[in-house]
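**Student:** Quick one: the structure is below, questions incoming.
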Amino acid sequence: MQNFKKYFLLILICSSCVSNKKEDSKNILILGHVRGLKDSTLVVLEKSGNKQNIDSTYSLKEKFILNYKKITIQEGLFYLTFYTKAGKELYSFNFWGGQPENIVINGNFETKKNIKVIDSRVNNVLKKYRVLPNKYSNKIDKLFDSNKNQKEKNLIFKKYMDTIKKDQINFLFKNPNTAFTLDEFFRLNEKISKDSILIFYNSLDDNLKASKNGELLKKQTLSKRIKIGEIFRDFKAKDLNGNYKKLSDYKGKIIVLDFWAYWCKWCHVQNKEEFSYLNEKYKDDLVIISYSLDEEKDVWKKSTEKHSYKWVNISNLLGVKDPVAFQYGVKLLPHSFLIDKNGVLQKEFIGYKKDSLIEKEIKKLLNTN
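Each residue of the sequence shown is one higher than the one before, starting from 0 at the first, in numbering that gives the first Met the number 0.
Listed below in structure tokens is the structure:
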């Protein structure tokens, strides 16, 4: 029943999108020719991140046409998902899109792995990047099939993950001048020195330097990461009403600075189980500031309303690339900081545990048991 509902909604999307293709000269087309693709297969185009439906259509004679608008869709990862008439998902394929030119997708639906974007440098780079971990797959499989104890397996697995990350970083430095590598660099640069970040930035071409991500990376090269024991770095961001709030507005109170995003399940659990409790119990001495790392206001707003963020809730809508997040060393969510009444960072909390470590530290600052 659930698959049927999903399929029905996709049909509605399809019927509303296809009729406009010839009328809008600003459309950018995705032209697909995939051998072995059966007629009437539903093909859905979505934007990665919030799974925003862009367009959908049915295949005919192994071909399909989709479109998205340059003026409304930012460059980034997109998903093509194929469904049967009954709504069963057959295959999902992602690619880098959003550029101001048509995209051609070819391949064989029986083998599926051969489906790819034709004549696209950025997607060729993406494909090479995606296979980097493959050379460790057999070793990792053997590790988990071995008789080693779980602790030893975890340690060895971590070493493999660290090695893969090094391979990925080296690849990005060797292939800097695509929008994908610049975007991916933000995901991996938490352990890269500021000097190395500057080297990567200087290797970008002028167009990438002038892009939104290029400007954000430049700000990172000028930023200094804060450490526990230092005075907080002030910043400003807007609430949902469009009003600017500064961290320094709340100096004189104990501050819980919490970084979250709509896609972070444990952020919402912590909000419900811990922050709601702390906000009520310590309301005279404490202020909670939830800083969203979402990128779209509608997504941020819906998540706020659904999960009842009833305290200070602000964002610059820059996602994990936000210079504020970089300054505070935020990569994993939830990620919180406890700041005392003098503005000094006292503790850092990564992840969420139900034993309320934050409250213990608040009590220490208030000298209560």
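Where a beta carbon is used, it is the ideal one built from N, C-alpha and C, also for glycine.
Please state the DSSP three-state secondary structure of Lys147.
**Tutor:** coil
**Student:** Answer yes or no: do Leu316 and Ser291 have a C-beta to C-beta separation smaller than 9 angstroms?
**Tutor:** yes
**Student:** If we call anything under 9 angstroms between Cβ atoms a contact, is Thr80 one with Phe63?
**Tutor:** no
**Student:** When DSSP builds the beta bridges, which residues end up paired with Ser39?
**Tutor:** BP columns for Ser39 are empty, so no partner.
**Student:** Could you please give the first and the last residue of the uninterrupted beta strand (DSSP E) stretch that includes Asp293?
**Tutor:** Where Asp293 is concerned, there is no enclosing beta strand (DSSP E), given that its DSSP letter is neither H nor E.
**Student:** Glu22 to Gly97, Cα distance in whole Å?
**Tutor:** In this prediction, Glu22 has a pLDDT of 37, which is less than 50 and means its spatial position is unreliable; what the coordinates show is noted afterwards. Roughly 20 angstroms separates the two Cα atoms.
**Student:** Check for me: the alpha helix (DSSP H) holding Ser195 runs from which residue to which?
**Tutor:** Lys193 to Asn201
**Student:** Going residue by residue through the segment 70 to 99, where are the continuous alpha helix (DSSP H) segments of at least 4 residues, counting only ones entirely within it?
**Tutor:** DSSP assignment within the segment 70 to 99 yields no whole alpha helix (DSSP H) run of 4 residues or more.
**Student:** For Phe234, does the three-state DSSP call read helix, strand or coil?
**Tutor:** coil
**Student:** Assuming Ile29 contacts Leu44 (C-beta within less than 8 angstroms), just tell me the rounded distance between them.
**Tutor:** Rounded to whole angstroms, the Cβ separation of Ile29 and Leu44 is 7 angstroms, and the two are in contact under 8 angstroms.
**Student:** Taking just the CA atoms, how far does Asp166 sit from Gly106?
**Tutor:** 28 angstroms
**Student:** Which residue from Lys330, Ala178 and Ile104 puts its Cα closest to that of Val124?
**Tutor:** Ala178
**Student:** Report yes if the CB atom of Asn312 is closer than 9 angstroms to the CB atom of Ser289, and no otherwise.
**Tutor:** yes
**Student:** By the three-class DSSP mapping on this structure, what secondary structure does Tyr351 have?
**Tutor:** coil
**Student:** Are the Cβ atoms of Val103 and Ile114 separated by less than 9 angstroms?
**Tutor:** no
**Student:** Let me check understanding here. Comparing Cα to Cα, which of Asp297, Tyr135, Ser39 and His267 lies closest to Lys84?
**Tutor:** Of the candidates Asp297, Tyr135, Ser39 and His267, the one whose C-alpha sits nearest the C-alpha of Lys84 is Ser39.
**Student:** In angstroms with no decimal places, state the Cα-to-Cα distance between Thr56 and His267.
**Tutor:** 35 angstroms
**Student:** Check whether the segment 275 to 284 touches the segment 148 to 164, taking contact to mean three or more Cβ pairs, one atom from each stretch, closer than 8 angstroms.
**Tutor:** Touching, no, given that fewer than three Cβ pairs across the two stretches are closer than 8 angstroms.
**Student:** In the DSSP assignment, the alpha helix (DSSP H) including Tyr243 goes from what residue to what residue?
**Tutor:** Here Tyr243 belongs to no alpha helix (DSSP H); instead the beta strand (DSSP E) covers Tyr243 to Lys245.
**Student:** When burial is assigned at 16 or more other CB atoms within 10 Å of the CB, is Phe143 buried or exposed?
**Tutor:** By the neighbour-count rule (16 or more Cβ atoms within 10 Å), Phe143 is not buried but exposed.
**Student:** Asn312 by DSSP, collapsed to three states: which one?
**Tutor:** Correct three-state label for Asn312: strand.
**Student:** From Tyr78 to Asn366, what distance separates their C-alpha atoms?
**Tutor:** 53 angstroms
**Student:** For a test of the three-state rule: what should DSSP assign to Ile114, helix, strand or coil?
**Tutor:** coil
**Student:** Given 8 angstroms as the limit, tell me if Leu207 has its C-beta closer than that to any heavy atom belonging to the ligand NAP.
**Tutor:** Among the components of this structure there are no ligands whatsoever, and the ligand NAP is therefore not found.
**Student:** By how many angstroms is the C-alpha of Gly31 removed from the C-alpha of Asn270?
**Tutor:** Here the alpha carbons of Gly31 and Asn270 stand approximately 44 angstroms from one another.
**Student:** Closest by CA to Glu74, which one among Asn212, Leu171 and Ile349?
**Tutor:** In this structure, Asn212 is the residue among Asn212, Leu171 and Ile349 with its C-alpha nearest to the C-alpha of Glu74.
**Student:** Does DSSP put Gly383 in a helix, in a strand, or in coil?
**Tutor:** Given that the chain is displayed from residue 0 to residue 368, the structure contains no residue 383 and the question cannot be resolved.
**Student:** Who pairs with Gly31 in a beta bridge, going by DSSP?
**Tutor:** Phe63 and Ile104
**Student:** According to DSSP, is Ser302 helix, strand or coil?
**Tutor:** helix
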